[in-house]
Amino acid sequence: MLHGHPAWIYVRRFIRGLAEAGFRAIAHDQIGFDRSDKPEREGDYTIQRNVKHFAALMDALTLDGVTLVVHDFGGPLGLAWAIENRDRVKRLVILNTFAGSIPAQADKTALLWIKLMGAPALGELLVKGARLPVRIFLLRMGIVHRERIGENERAAYLAPHPTWGSRAGLLAYPRLWPFEERNPTWALARQIEDGLPKLAGKPALICRGLKDPGYQSGLLTLGAECFPGAEVHEFEDASHFVQEDAHERIVPLIIHFLRRT
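Quick note: the sequence shown uses the numbering used here, first residue 3, plus one each step.
Put into structure tokens, the structure is as follows:
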């Protein structure tokens with residue numbers, strides 16, 4: 003299970019239902035989040051490096067027959083690994099995410115916000131100072147049913163980055179969006195685009211929150227067109243963090259999908 007930005011494996015706490023159903027669930031924290039190391043040098047945060055970390059974990063655990071559950075930046079991370087290790091992948095569960103480069107027709111306002119958060123000096127203030135990705139994009143825009151988010155949940159999402167120095171990962175990710183060729187993730191994004199057809203035959207479950215600003219703006223485009231025959235469920239009352247808004251519906255869908263395929 004691969005999380006994205008600015009979350010950590012806390013967003014996967016609903017996997018208890020999978021474990022109770024008899025499935026083994028492994029939640030992977032990316033560098034810079036939760037209890038993982040938090041290097042202060044921004045150059046330590048790249049999707050390519052995260053793919054290598056994830057590959058090392060999968061090799062150490064000698065896992066085969068894997069069901070990848072990906073969300074947000076977990077999409078390009080997990081799919082890049084899956085394309086190179088498709089013989090080890092049995093199924094895919096796709097939550098609101100992306101894989102390739104950002105389409106040219108994506109909403110310009112959304113792109114502007116990403117660029118502002120990644121801008122020199124201003125990005126430091128918005129991300130390292132105000133923690134905008136967590137406070138606004140996760141806890142407000144990213145969740146429709148905010149009545150579910152109490153003080154404990156809010157504190158949990160803020161907990162991994164208590165100091166300015168611990169927030170380098172928070173700042174790095176807005177600068178990794180592959181919306182132009184000079185971006186450090188651009189080449190990998192294009193490789194993933196070219197490699198996705200190699201995964202087209204894998205059983206896939208797609209659960210998508212339709213109130214996601216990223217989906218509505220054209221930033222998060224990965225969907226059924228990449229996986230012919232995928233089982234698709236769309237949730238009108240869910241935003242980007244669809245597992246927060248609709249976990250009581252998604253977990254049974256995943257369990258049924260695992261048993262069926």
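For each residue, glycine too, the CB sits at the ideal point set by N, CA and C. Remember, it's a predicted structure, so these values are computed and weren't measured experimentally.
Can you tell me which of the three DSSP states R210 falls into? Start at 1 with the first residue of the sequence shown, and residue 210 comes out as number 208. Three-state result, R210: strand.
Could you give the distance in angstroms between the alpha-carbon of P162 and the alpha-carbon of P41? Position 160 of the sequence shown holds residue 162. Position 39 of the sequence shown holds residue 41. Cα to Cα, the separation comes out at about 13 Å.
Helix, strand or coil for R88? Go by DSSP, reduced to three states. Along the sequence shown, read from residue 1 onward, the residue named residue 88 stands at position 86. It is helical.
Host alpha helix (DSSP H) of S136 (start-end): By one-based count along the sequence shown, residue 136 stands at place 134. The amino acid at residue 136 is misidentified as Ser; the sequence shows Val. Run containing V136: none; DSSP gives neither H nor E here.
Please classify Q32: is it buried, with 16 or more other beta-carbons within 10 angstroms of its beta-carbon, or exposed? Position 30 of the sequence shown holds residue 32. It is buried - the Cβ of Q32 has at least 16 other Cβ atoms within 10 Å.
Residue of E155, A132, P176 minimising C-alpha distance to T165: Taking the first residue of the sequence shown as 1, we reach residue 165 at position 163. Here the closest residue by C-alpha is A132.
Leaving out five residues before and five after R148 in sequence, what residues of the same chain have Cβ atoms less than 8 Å from its Cβ? In the sequence shown, counting from the first residue as 1, residue 148 sits at position 146. If we look at R148 and ignore the five residues flanking it on each side, its Cβ neighbours are L141, R142.
From L255, E238, P254, pick the residue whose C-alpha is nearest to that of D247; which is it? As a working note, residue 247 is residue 245 in the sequence shown. Out of L255, E238, P254, E238 has the C-alpha closest to the C-alpha of D247.
Would you say R18 and L260 are within 9 Å of each other, going by their C-beta atoms? Along the sequence shown, one-based indexing puts residue 18 at 16. Along the sequence shown, one-based indexing puts residue 260 at 258. Cβ atoms of R18 and L260: not closer than 9 Å.
Nearest CA to the CA of M119: which residue from F16, Y175, V244? Taking the first residue of the sequence shown as 1, we reach residue 119 at position 117. Out of F16, Y175, V244, Y175 has the C-alpha closest to the C-alpha of M119.
As a quick exercise: from V68, L128, F139, pick the residue whose alpha carbon is nearest that of G6. To locate residue 6, count along the sequence shown from 1; it is residue 4. With distances taken between Cα atoms, G6 lies closest to F139.
Can we say the region 177 to 186 touches the region 198 to 208, given the rule of at least three CB pairs closer than 8 Å? no
Within the region 187 to 245, ranges of the beta strand (DSSP E) (whole runs, at least 3 residues): 206 to 211, 233 to 237
Which of the three DSSP states, helix, strand or coil, is assigned to T111? What you label residue 111 is simply residue 109 of the sequence shown in a count that begins at 1. In this structure, T111 counts as helix in the three-state DSSP scheme.
Tell me which residue opens and which closes the alpha helix (DSSP H) that D74 is part of. Numbered from its first residue, the sequence shown carries residue 74 at position 72. From DSSP, D74 is part of no alpha helix (DSSP H) but of the beta strand (DSSP E) over 68 to 74.
Can you name, in chain order, every residue of its own chain whose Cβ lies under 6 Å from the Cβ of A101, other than the five neighbours on each side? The residue labelled residue 101 in the question sits at position 99 within the sequence shown. Same-chain partners within the cutoff: G77, P78, L81, I194, L224.
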